[in-house]
Amino acid sequence: MNKLKLAKYQSIFCSMMLLITIIGLSSSAYSATDSCSIYSGTDEFLIEANVGNETRFESVILKKTARNNRWLLQLRFDKGLSVISSKDLTMDEHIKLIDNLLKCTSKLTKDQRLMRLDLQVDFKLVTDIYSSIVSSVSSYASTEEGSVSHKNLEIFNQVLSVISDSNLLLEICSLASKHGLVCDKEVPIGMNPIAFKKEYLGRTWSSIIDDEDSAIEVGQWFAIRLRKN
């Protein structure tokens, strides 16, 4: 009787270990280069993705809006994005990340009958673009009279020009066709007016030059606007 019980317990133990092993393998989100995992939701999904073997992006958000089957793919620090990396990413690596994200979400968005997708990118995510934005704002501030204020139209246009001329926009619009998408011809970029840090508001424009961010408030982002082809 004891031997039968022992054999029974051994069988149960082996089954449990096998189940644990299977679960462990299936939940290994980063076992392959450029892997991507989507955590289920209804109208909002969390995504984790790799770029190569050294960089992991966590809490990328894919969410559906209430308007015209429009979706948002958010690479924004103010929405919880976390980048775990041993180095700064190049422009090509960011493009590869976005290509990977569009690929791994394509079935989901197709099933959901996506019509439009706004790819929201934090200003600070792509170092090359952010450096150019900061430099552009600093250059404006060095010659401008008056005081620092939000929603400056000239600064808005300068920042928009930096993004429009970037390789990021060119490459994303080029690779979008692989995923059944195209960049919006009329308004390929969406962006809110530029906001500045509270402590600089009302001060002279020249006061922001020494700030490493040209006093640009955190949480600023732009959107590359895609639609179904």
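Read left to right, the sequence shown gives residues -31 to -1, 1 to 198 (mature numbering (1 follows the signal peptide of the UniProt record, and there is no 0)).
Just so you know, even glycine gets a beta-carbon here, dropped at the ideal spot from N, CA and C.
If you draw a straight line from the C-alpha of Ser100 to the C-alpha of Trp174, how long is it? 19 Å
Are the beta-carbon atoms of Leu42 and Leu70 separated by less than 8 Å? yes
Rounded distance between the beta-carbons of Ala184 and Met160, thought under 8 Å: Not confirmed; about 18 Å, so no contact.
Closer than 7 Å by C-beta to Leu137: which residues in its own chain qualify, once you throw out the five before and the five after it? Chain order, please. Met60, His63, Ile64, Val95 and Ile98
Report the rounded CA-to-CA distance for Lys79 versus Lys48, giving the unit in angstroms. 24 Å
Cβ separation of Thr34 and Ser54, assumed to be a contact under 8 Å, to the nearest whole Å: Wrong, their Cβ atoms sit about 30 Å apart, outside the cutoff.
Determine the closest residue to Glu114 out of Leu50, Ile177 and Phe46, with distance taken between C-alpha atoms. Ile177
For Asp179, count neighbouring Cβ atoms within 10 angstroms of its own Cβ and tell me buried if that reaches 16, exposed if not. exposed
Just tell me which of Arg39, Arg45 and Ser105 has its CA closest to the CA of Val134. Residue identity differs from the one stated: residue 134 is Asp in this sequence, not Val. When only C-alpha atoms are compared, the closest one is Ser105.
Cα separation between Ser107 and Arg45? 23 Å
In this structure, how does DSSP classify Glu17 when only helix, strand and coil are distinguished? strand
Could you tell me which uninterrupted beta strand (DSSP E) segments, each at least 3 residues in length, are contained entirely in the segment 131 to 157, listed from first to last along the chain? 150 to 152
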